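In this note's numbering, the protein residues as written are 5 to 576. A short worksheet on the structure shown next.
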Ligand code: PEP
Ligand code: MG
């Protein structure tokens with residue numbers, strides 16, 4: 005039995021599909037038979053061409069003109085005589101393996117392109133990297149995740165998965181996944197929870213220890229994994245799996261119950277969404293609205309920035325699907341572990357403390373303007389609220405808000421009819437939580453982003469599996485900051501929501517209710533569990549717990565009483 009970090013609950017039993025590690029892709033090897041090595045290279049090249057041809061055809065058939073054009077450009081690069089000649093010569097003269105010859109050649113071209121000021125040329129860097137990855141995968145006999153056409157159900161085992169990879173997983177085929185890197189609030193883990201796919205992260209060495217086809221048991225609740233387990237363990241987990249399916253079915257009864265406590269305190273139980281299918285889940289699980297629409301996903305699964313019209317359609321769809329219920333859309337929060345292939349960001353030592361989210365939008369004004377225009381134009385179709393991420397000071401909020409107002413008046417002048425749109429902020433940086441009383445005078449609402457608030461308060465990288473034991477939402481400092489924000493919102497009469505992962509984890513439900521939280525926003529799959537927990541609580545019980553907890557000096561003590569209240573087996 006192996007232990008990792010629980011990332012998404014549920015039990016998966018299935019065969020492993022191991023994705024190759026990035027660092028294993030290119031290892032320099034000396035070869036003795038250049039002709040054979042070159043044959044391998046040309047074979048991989050031919051396979052990549054066939055693959056790209058299929059992509060072009062599929063894109064043309066489904067009317068994705070832009071994708072078809074990009075693939076056609078890839079096809080041209082694959083025939084570039086200089087590139088092919090250089091790889092060929094390297095294999096012949098330097099007697100190195102095809103992977104290494106290809107990688108070094110591509111790096112040479114990438115460096116050249118990076119040195120130009122020409123934006124068009126710079127964009128080719130992403131194409132070259134993408135192509136290089138594809139040829140390499142054919143050389144190694146494996147395809148990149150995005151292109152795997154999984155024929156059978158499997159459990160994906162990888163060193164690391166990018167959020168855009170996880171978003172592409174087919175939940176019908178992928179029963180679970182294991183990664184070596186990542187923490188419980190990495191976006192990959194968040195997406196797994198949303199897809200309701202069991203996942204364990206932080207599994208050091210798992211891509212070496214597991215082979216394709218090994219039988220795996222993944223317990224995403226406990227963070228345990230069995231590799232080729234004995235029959236009695238398998239039997240035990242099959243029983244557990246059946247019990248969980250029954251439990252899930254029973255939960256559907258909660259759907260029609262009101263969002264309130266046992267003693268009638270009304271609450272808002274909202275959904276976090278990113279991908280379009282999550283909207284349908286929000287509706288299916290009777291969300292009272294959308295508390296967080298992560299717009300990054302609209303930007304991530306693309307080859308270029310989405311246009312104003314494309315964005316408008318996506319926001320309009322969300323508003324219409326929610327039929328008048330509030331929909332809080334967060335402006336682009338890119339950076340950290342969320343990257344855009346076509347918007348190369350400078351490598352930074354501390355990306356989570358770097359040029360991201362609102363900081364980036366305030367510099368890339370055209371990008372920000374396009375998004376705000378699309379948002380305002382969509383405001384006629386429902387109850388839209390705009391939210392800025394990563395706000396760290398009042399000036400920054402004022403600047404962003406003034407820019408939004410400028411965009412709004414620009415649209416009014418152009419003759420657009422717009423709805424009323426409250427503007428709020430994510431409270432996810434300690435400076436903002438500390439100044440919550442001042443922010444409450446200027447922002448229309450708050451949403452506490454505990455995923456980042458915990459990492460910044462405790463100085464613990466949310467992605468770092470080695471620090472996962474220190475990433476502690478039950479930390480008294482975190483709970484005090486949350487209380488400060490809730491109190492400030494209450495005094496100023498503005499709504500305070502919470503959209504970090506804490507809001508969807510039943511272990512925190514009673515203490516958060518007791519601290520004063522009334523709007524919980526979470527991945528749709530958690531809505532019924534949290535509603536059930538809240539339905540069983542009274543406000544007085546929750547307040548008594550919060551009072552007790554606030555006097556406690558350590559996370560361990562707080563955790564033990566909160567978990568005892570919720571029941572140990574419900575742990576995420
Ligand atoms: C958060 O930080 O809590 C949050 C909801 O934002 P994200 O997870 O997208 O950073
Ligand atoms: Mg955040």
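Virtual Cβ for every residue (Gly too), placed ideally from N, Cα, C. Note that the coordinates shown come from a computational prediction; the quantities given were computed from them, not determined experimentally.
- Residue 350 counts as exposed, since fewer than 16 other beta carbons sit within 10 angstroms of its beta carbon.
- In this structure, the ligand MG has no non-hydrogen atom nearer than 7 Å to the beta-carbon of residue 188.
- Sequence-distant partners of residue 166 (beyond 5 residues in either direction) whose C-beta falls short of 6 Å from its own C-beta are missing from its chain.
- If you measure from each CB to the nearest heavy atom of the ligand MG, the residues under 5 Å come out as 432, 453 and 456.
- Around the Cβ of residue 112, a 10 Å sphere holds fewer than 16 other Cβ atoms; the residue is exposed.
- Distances from the alpha-carbon of residue 295 to those of 536, 553, 528 and 541 put 528 closest.
- For residue 529, no beta strand (DSSP E) run applies, since DSSP gives it neither H nor E.
- For a cut-off of 8 Å, the C-beta gap from residue 359 to residue 340 is around 10 Å, too long to register as a contact.
- Of the residues assessed, residue 568 falls on the exposed side of the cut-off, its CB having fewer than 16 other CB atoms within 10 angstroms.
- Linking residue 498 to residue 524 through their CA atoms gives a straight-line distance of about 15 Å.
- Around the CB of residue 43, fewer than 16 other CB atoms lie within 10 Å, so the residue is classed as exposed.
- For the alpha helix (DSSP H) assignment, the uninterrupted runs of no fewer than 4 residues enclosed by the stretch 271 to 335 are, from N- to C-terminal side, 280 to 288, 300 to 304 and 312 to 325.
- Distance from the CA atom of residue 376 to the CA atom of residue 496, rounded to whole angstroms, is 27 Å.
- Between the stretch 217 to 225 and the stretch 9 to 20 there are three or more inter-stretch CB-CB distances shorter than 8 Å, so the stretches are counted as touching.
- Taking 8 Å as the cut-off, the Cβ atoms of residue 434 and residue 490 do not count as close.
- The continuous stretches of alpha helix (DSSP H) do not include residue 223, which lies in the beta strand (DSSP E) extending over residues 219 to 223.
- Non-local beta-carbon contacts of residue 157 in its own chain, meaning distances under 7 Å to residues more than five positions away in sequence, involve 18, 177 and 179 in chain order.
- Shown here, residue 478 sits in coil according to DSSP, grouped into three states, outside any helix or strand.
- If only complete runs of 4 or more residues are kept, the stretch 365 to 410 shows the alpha helix (DSSP H) at 369 to 382, in order along the chain.
- Each residue's CA atom was taken as its position, placing residue 132 and residue 46 some 17 Å apart.
- In chain order, 431, 457, 485, 488 and 489 place their CB closer than 7 Å to the CB of residue 437, counting only its own chain and leaving out the 5 sequence neighbours on each side.
- Note on residue 455: 16 or more other CB atoms within 10 angstroms of its CB, so buried under the neighbour-count rule.
- Taking a 10 Å sphere around the C-beta of residue 202, we find 16 or more other C-beta atoms and assign the residue as buried.
- Taking non-hydrogen atoms of the ligand PEP into account, the C-beta of residue 296 is found less than 7 Å away from one of them.
- Secondary structure of residue 207 (DSSP, three-state): coil.
- Between residue 278 and residue 298, the beta carbon gap of about 4 Å places them in contact (Cβ cut-off 8 Å).
- Under the three-state reduction of DSSP, residue 429 is assigned to strand.
- Residue pairing by DSSP puts residue 339 in a beta bridge opposite 342.
- When DSSP reads this structure, residue 230 sits in a beta bridge with 221.
- Counting only runs that start and end inside the stretch 83 to 122, the alpha helix (DSSP H) elements of at least 4 residues fall at 85 to 98 and 102 to 119.
- Residue 11 sits in a strand when the DSSP states are folded into three classes.
- For residue 503, the three-state secondary structure derived from DSSP is coil.
- Within the stretch 158 to 191, the complete beta strand (DSSP E) segments of 3 residues or longer fall at 158 to 162 and 178 to 183, listed in chain order.
- 8 Å or more divides the Cβ of residue 316 from the Cβ of residue 373.
- For residue 452, the enclosing beta strand (DSSP E) stretches over residues 449 to 452.
- The beta carbon of residue 12 is closer than 7 Å to those of 193, 196, 197, 201, 202, 203 and 224 in its chain, skipping five residues each way along the sequence.
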